[in-house]
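*Asks:* Quick one: structure below, then a few questions.
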Amino acid sequence: TGFEEDKNFHVVLNSVIAGRYHVTEYLGSAAFSKAIQAHDLHTGVDVCIKIIKNNKDFFDQSLDEIKLLKYVNKHDPGDKYHILRLYDYFYYRCNI
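Numbering (the numbering used here), first residue to last: -17 to 78.
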């Protein structure tokens, strides 16, 4: 189904995710996600990546969060209000 328990993404320092993000630091975890710092090899910018745990309910919640962040970012294109910016999202090894 793609949501098997053993398919949660394991963070490995200095690895490259999706051919683009070089993992530099593990930042922590929450109820349904992990956060890592990574260097974007395409843009040269350091970013924070949120990795959602491999569970259908969490996956569905993350899709809603992506929609919300896209909406908020669209209405503050110049980052006047300094709200969290969504630069990219992707599905990788059964995680979003």
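Beta carbons: idealized from backbone N, C-alpha and C, even for Gly.
Computed from a predicted structure; not experimentally measured.
Determine the closest residue to residue 68 out of 48, 60 and 57, with distance taken between C-alpha atoms.
*Replies:* Ranking the options by Cα distance to residue 68, first place goes to 48.
*Asks:* Using three-state DSSP, classify residue 9 as helix, strand or coil.
*Replies:* In this structure, residue 9 counts as strand in the three-state DSSP scheme.
*Asks:* List the whole-angstrom C-beta distance separating residue -10 from residue 55, where the pair is believed to meet the contact cut-off of C-beta under 8 Å.
*Replies:* With 8 Å as the limit, residue -10 and residue 55 do not qualify as a contact, their Cβ atoms being about 28 Å apart.
*Asks:* State buried or exposed for residue 38, treating a residue as buried only when at least 16 other CB atoms are found within 10 Å of its CB.
*Replies:* With fewer than 16 other Cβ atoms inside 10 Å of its own Cβ, residue 38 counts as exposed.
*Asks:* What's the call for residue 44, buried or exposed, on a 16-neighbour Cβ count within 10 Å?
*Replies:* buried
*Asks:* Does the Cβ-Cβ distance between residue 12 and residue 74 come in under 7 Å?
*Replies:* no
*Asks:* Measure the C-alpha to C-alpha separation of residue 24 and residue 2 and round it to an integer number of angstroms.
*Replies:* Roughly 6 Å separates the two Cα atoms.
*Asks:* Taking the alpha helix (DSSP H) that residue 65 falls in, what are its first and last residues?
*Replies:* Per DSSP, residue 65 belongs to no alpha helix (DSSP H) and is neither H nor E.
*Asks:* Count the other CB atoms within 10 Å of the CB of residue 65; is the residue buried (16 or more) or exposed (fewer)?
*Replies:* exposed
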